[in-house]
Amino acid sequence: MNRYYYDLHLHSCLSPCAEDDMTPANIAGMGSLCGLQLMALTDHNSCGNCRAFLSACRQYGIVGVPGMELTTAEEIHLVCLFPTLEAAEGFEAEVRTQRFPIKNKPAVFGNQLYMDAEDKVLGEEPNLLIPATKLDLEAGTALALAHGGAAFPAHIDRPSNGIIGILGNLPEKPFFPTLELNDPENRDQYVRDYGLEGRRMLCSSDSHRLESMRDASQWIELDDEPYSSQRVRDALICLLREGMV
Ligand SMILES: [Zn+2]
Ligand SMILES: [Zn+2]
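Below, the structure is given as structure tokens:
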């Protein structure tokens, strides 16, 4: 077992609400300066920059994890992480059929840029990525699991798009053994108020700007023997899936 300092919720310039300089290369570079060892890219309803992100992470010696922040039909944000790019892309292909084709207005919502790992713009996503999809919480969770991934509710300590803010509490089904807090200081209060003893609490930054990326402080222990980046990703997803299936 080894300790990995992580940030498992980050947005690139493909998310309209993220700044254009959140390129995959810049995120990996900033993560390296922050002392992170394990990072996931989780753009809204898309995995389109994950290929570039994984490549940029490799260049900095960071283990990159492909992911997505899915907006469910209930407007709940769900972080979905995958062991491989292929698994993430398979999930995305199905999510794409469940998005509403609303055109993005870059001047209003922001740019949605596809990038390579060398900061070159490859194109723009024409449809707005952030609205709710047709997948409800149960269907979205099942779909992530079916593609070999893991899913957990994002920023449960935020009223907007947090599962508790929307549903009032955690549902019995699907059961989420892992939850994400935006502010680690809220941990004790949420455990007490919502009976969350025994659940794994991850704290990630949900950064949309380079300046809001945080110095390494949150860690997770993973069985990474024999060591390889793929083994670390597999161990992470395996750990997060425990209790879900
Ligand atoms: Zn969110
Ligand atoms: Zn987010």
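Okay, so the sequence shown: first residue is 3 according to our numbering, each after it adds one. The C-beta atom is built at its ideal place from N, Cα and C for all residues, glycine as well.
Fill in: Classification of G142 by the beta-carbon crowding that lies within 10 angstroms, buried from 16 upward
buried
Discussion item. Taking the straight line between their C-alpha atoms, what separation do you get for E126 and E223?
Written reply: Cα atoms of E126 and E223: separation of roughly 37 Å, rounded to the nearest angstrom.
Item to complete: Using alpha carbons as the reference points, say which of E71, R5 and E182 lies closest to S146.
Response: According to the sequence shown, residue 146 is Ala rather than Ser. The candidate whose alpha carbon is nearest that of A146 is E71.
Worksheet item: Cβ-heavy atom distance between A146 and ligand 1 below 7 Å?
Response: no
Worksheet item: With distances taken from each beta carbon to the nearest heavy atom of ligand 2, which residues come in below 5 Å, in chain order?
Response: E71 and D208
Practice prompt. Determine the closest residue to E88 out of I166, L139, H157 and Q232, with distance taken between C-alpha atoms.
Written response: Q232
Practice prompt. Measure the CB-CB distance between I62 and A20 and report whether it falls below 8 Å.
Written response: The amino acid occupying residue 62 in the given sequence is Tyr; Ile does not appear at that position. Contact: no.
Item to complete: Figure out for me which residue from Y196, T25, V123 and M41 has the closest Cα to the Cα of A282.
Response: As displayed, the chain neither begins before 3 nor continues past 247, which places residue 282 out of reach and without an answer.
Discussion item. Just to confirm before moving on: does the CB-CB distance between I165 and P176 stay below 8 Å?
Written reply: no
Discussion item. Using the Cβ count rule (16 or more neighbours within 10 Å means buried), how would you classify N249?
Written reply: With the chain running from 3 to 247 in the structure shown, residue 249 is simply not present.
Worksheet entry | Close beta carbons around K136, own chain, < 7 Å, minus the five adjacent residues each side | A75 and Q100
Discussion item. With the cut-off set at 8 Å, would you say G34 and I64 are in Cβ contact?
Written reply: One detail in the question is off: residue 34 reads as Ser in this sequence, not Gly. It is a contact, given that the beta carbons lie within the stated cut-off.
Worksheet item: Thinking C-alpha only, which one of L241, L169 and P228 is nearest D138?
Response: Per the Cα distances, L169.
Discussion item. Quick check: does the Cβ of F111 come within less than 7 Å of any heavy atom belonging to ligand 4?
Written reply: Absent from the structure shown: ligand 4. Ligands present: ligand 1 and ligand 2.
Discussion item. Going by C-alpha to C-alpha distance, which of S207, R53 and Y6 sits closest to G124?
Written reply: First, the amino acid is wrong: residue 124 is Leu here, not Gly. Ranking the options by Cα distance to L124, first place goes to R53.
Worksheet item: Would the C-beta of H79 count as close to ligand 1, meaning under 7 Å from any of its heavy atoms?
Response: yes
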